[in-house]
């Protein structure tokens, strides 16, 4: 038999889980200052996000414009790295698995 205390506890745990989920996933991240380009799991280059530039890698073209970094073109067949969009917040990444390239904002 379900008691009022059981219902209260269930609602309490559900609200607590919702609060923790929203704090973790929707908390604003601070803007990053540096783009780190890794190729084959090794650091290839560090670039400031506040300077517009284009970097031609063997299989990708990486662009920094208006404080955001993105893959402009890629030789990989699926183009997922291009569709990942622009990044500018700490911890955000763009990954191109076929080219073994990882862009990460620090």
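Residue numbers (my numbering): 35 to 140.
For each residue, glycine too, the CB sits at the ideal point set by N, CA and C.
All values derive from a computational prediction rather than experimental measurement.
Asked, Found
"Whole angstroms are fine: how far does the CA of residue 137 sit from the CA of residue 73?", "9 Å"
"Nearest-angstrom Cα distance between residue 70 and residue 81?", "7 Å"
"Grouping DSSP H, G and I as helix and E and B as strand, with all else coil, what is residue 90?", "strand"
"Helix, strand or coil: which one does DSSP assign to residue 84?", "coil"
"Evaluate contact between the stretch 116–126 and the stretch 45–64, counting only Cβ atoms and requiring at least three cross-stretch pairs below 8 Å.", "yes"
"Under 7 Å Cβ to Cβ from residue 130, same chain only, skipping five residues before and after it: list those, please.", "94, 105, 108, 110, 115"
"Whole-angstrom Cβ separation of residue 98 and residue 86, contact assumed at under 8 Å?", "6 Å"
"Can you list the alpha helix (DSSP H) stretches of 4 or more residues lying completely in the stretch 101–126, in chain order?", "114–117"
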